[in-house]
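Residue numbers (the numbering used here): 16 to 196.
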């Protein structure tokens, strides 16, 4: 049975650690990273799990468009992170944040959500599971920087949509994960 999981929480709250550990005994996992590199701690955890469980994972970095195309035939996927992907889409679709209006905001939201839905469709075809990592936006005041405020608002809307359509949702705080859906 295909499963889509969202894990949210603050920065350095244990989200990536939990995702990697969740799939540590699975073979042929695809770790999709929006950033140009995997952070050292996460990479060590992946390499350790691979050695301990005699499995091999594939890591693809710098994923800034069409993430579903990168899945191939991987049944287990970690998408790290929805925050970084949304930030990348904003930069691409509206490089001048002063030009961001409601229509552009909605277009960015649609693109990110459609890309997530394409990944989920691919995973469902393969009868696999996917974990999406994102940052929680609801615990702080609105930033004074316009680009950060726009990112927070857009990501908040996307997070809600993805959470509502996920099979399971976890919240990570201080390295402890709580199942909230």
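For every residue, glycine included, the Cβ atom is placed at its ideal position computed from N, Cα and C.
Asked                                                                                                                 : Found
Limits of the beta strand (DSSP E) - the one that residue 148 falls within                                            : 144 to 150
Integer-rounded CB distance, given that residue 78 should sit under 8 Å from residue 48                               : 6 Å
Continuous alpha helix (DSSP H) stretch holding residue 171: start and end                                            : 161 to 179
Spatial neighbours of residue 31 in its chain, beta-carbon cut-off 7 Å, leaving aside the 5 residues before and after : 57, 95, 148
Three-state secondary structure (DSSP) of residue 70                                                                  : coil
Residue 81 in three-state terms, based on DSSP                                                                        : coil
Chain D within 8 Å of residue 149, Cβ atoms only                                                                      : Among the chains of the structure shown, chain D does not appear; only one protein chain is present.
Through-space distance from residue 129 to residue 175, alpha-carbon basis                                            : 14 Å
For residue 187, the residue or residues it bridges with in DSSP                                                      : 24, 192
Burial state of residue 82, where buried means 16 or more other Cβ atoms lie within 10 Å                              : buried
Same chain, Cβ closer than 7 Å to residue 39, five either side skipped, listed in chain order                         : 64, 68
Span of the alpha helix (DSSP H), counted from its first residue to its last, around residue 128                      : 117 to 140
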